[in-house]
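Trainee: This is the structure, below, for whatever I ask next.
Structure (structure tokens):
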């Protein structure tokens, strides 16, 4: 084999090795990028709980946002529109509040009832919409109540009551049964039917509580949020707030003190008038010098 052929084969092997390393590098980078994207989503998605992971748990979602006053009604309307877009079978608005508090601040809230399979995605989309308006997610919580035991107990009670009802109904068909015994069995039968209905209602209520997830979105507006995080603008806002406070104190001081100052000046002016001097002379006559 010639020297040229040998060099050609070596270069081919090096090219193949380089392409393999690049392929491995791209494969390792792709999961890292995907992991970074997942981490970014998780930063605002709130607690990572899937409805399928807890089939018998009833969840309650609660989110709180801090945002500029002017953005509160905008975000509230966007969240309400997102619920209406899902349709009444998946989302229903159960409450909405908007309050203008003392000092010009704004607060609000939106309460919805969601299909459990759409609750987490609805909250995630709501947080994303809030961030686009300059809001900050200040809290996100999911409270769960495990109703598996309650449902199982209701089912056992329903089964036991149904068996007893069937047994008593079978005994009531006996022609040899006495009137007194028949009356007692009928009374017992009514009690068992009531207990059966109560067990079924309890089971249905628990299943409804699991299927429908309440969610509350709270909005806390603030003028300070309209300033950027730049320290210069923040310092300017702090200076303006301090100057406003000092001016307010001075104005209140003048409002309370001016009437008393006016009364004092009036008394001094009256004290120097001629009638006042004559009155002082009459009340406190001066003794003539000897």
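In the numbering used here, the protein residues as written are 6 to 295. Glycine included, C-beta positions come from ideal geometry on N, C-alpha and C. Being a predicted model, the structure only gives us computed values, none of them experimental.
When the distance is taken between beta carbons, is residue 72 closer than 8 Å to residue 138?
Mentor: Contact check for residue 138 against residue 72 passes: the beta carbons are separated by less than 8 Å.
Trainee: Thinking residue 150 and residue 118 are a contact (beta carbons under 8 Å), I'd like their distance in whole angstroms, please.
Mentor: That belief does not hold up - the Cβ atoms of residue 150 and residue 118 are roughly 16 Å apart, past 8 Å.
Trainee: Would you please state the rounded distance, in angstroms, between the beta carbons of residue 80 and residue 133? I believe it to be under 8 Å.
Mentor: Not a contact, Cβ separation roughly 11 Å.
Trainee: Start and end of the beta strand (DSSP E) containing residue 116?
Mentor: 111–120
Trainee: Going along the chain, which residues of its own chain have a beta-carbon closer than 7 Å to the beta-carbon of residue 257, five neighbours each way excluded?
Mentor: none
Trainee: Beta-carbon separation of residue 140 and residue 59 under 8 Å?
Mentor: no
Trainee: Using a Cβ-Cβ cutoff of less than 7 Å, which residues in the same chain neighbour residue 170 once the five nearest sequence positions on both sides are dropped?
Mentor: Listed in chain order, the non-local C-beta contacts of residue 170 below 7 Å within the same chain comprise 194, 197, 198 and 201, local neighbours out to five positions each way being set aside.
Trainee: Smallest Cα separation from residue 224: which of 101, 90, 213 and 245?
Mentor: 101
Trainee: Can you tell me the Cα-Cα spacing of residue 281 and residue 275, whole angstroms?
Mentor: A straight-line Cα-Cα distance of about 7 Å links residue 281 and residue 275.
Trainee: Shortest alpha-carbon distance to residue 220 belongs to which of 85, 74 and 78?
Mentor: Selected option, being the one with the closest Cα: 85.
Trainee: Do you know offhand how far residue 91's Cα is from residue 111's?
Mentor: Cα to Cα, the separation comes out at about 28 Å.
Trainee: Can you say whether residue 39 is buried or exposed, counting buried as having 16 or more other CB atoms within 10 angstroms of its CB?
Mentor: Residue placement at residue 39 cannot be trusted, given a pLDDT of 43 that sits under 50; what the coordinates show is reported in the next sentence. Exposed: under 16 other Cβ atoms inside 10 Å.
Trainee: Using the Cβ count rule (16 or more neighbours within 10 Å means buried), how would you classify residue 261?
Mentor: exposed
Trainee: Assuming contact is defined by CB atoms lying nearer than 8 Å, are residue 208 and residue 156 in contact in what I supplied?
Mentor: yes
Trainee: For a test of the three-state rule: what should DSSP assign to residue 223, helix, strand or coil?
Mentor: Residue 223: strand per DSSP, three-state reduction.
Trainee: Measuring CB to CB, does residue 95 end up less than 8 Å from residue 120?
Mentor: yes
Trainee: Comparing the CB of residue 171 with every heavy atom of the ligand COA, is any distance shorter than 7 Å?
Mentor: The ligand content of the structure shown is nil, which means the ligand COA is not present either.
Trainee: Based on the DSSP secondary-structure assignment, which residues constitute the bridge partners of residue 72?
Mentor: 226
Trainee: Who does residue 88 pair with in a DSSP beta bridge?
Mentor: According to DSSP, which records beta bridges pairwise, residue 88 is partnered with nothing at all.
Trainee: With 16 other CB atoms within 10 Å as the buried threshold, where does residue 109 fall?
Mentor: Classification of residue 109: exposed, given that the 10 Å Cβ count is below 16.
Trainee: Using the beta-carbon count (16 or more within 10 Å), is residue 222 buried or exposed?
Mentor: By the 10 Å Cβ count, residue 222 comes out buried.
Trainee: If I measure Cβ to Cβ from residue 177 and keep anything under 8 Å in the same chain, skipping five residues before and after, which residues do I get?
Mentor: 187, 190, 191 and 194
Trainee: Cutting at 8 Å between CB atoms, please list the residues of its own chain near residue 289, excluding the five before and the five after it.
Mentor: none
Trainee: Determine the contact status of residue 226 and residue 74, defining contact as a CB-CB distance below 8 Å.
Mentor: yes
Trainee: Could you check whether residue 211 and residue 162 sit closer than 8 Å to each other, using their CB atoms as the reference points?
Mentor: no
Trainee: From the DSSP secondary-structure annotation, give me the bridge partner or partners of residue 141.
Mentor: 71
Trainee: Under the three-state reduction of DSSP, which class applies to residue 131: helix, strand or coil?
Mentor: helix
Trainee: Rounded to whole angstroms, what is the Cα-Cα separation between residue 173 and residue 206?
Mentor: Residue 173 and residue 206: Cα-Cα distance of roughly 23 Å.
Trainee: Comparing alpha-carbon positions, which option in 88, 254 and 269 lies nearest residue 127?
Mentor: 88
Trainee: Once DSSP output is grouped into helix, strand and coil, what is the label at residue 183?
Mentor: coil
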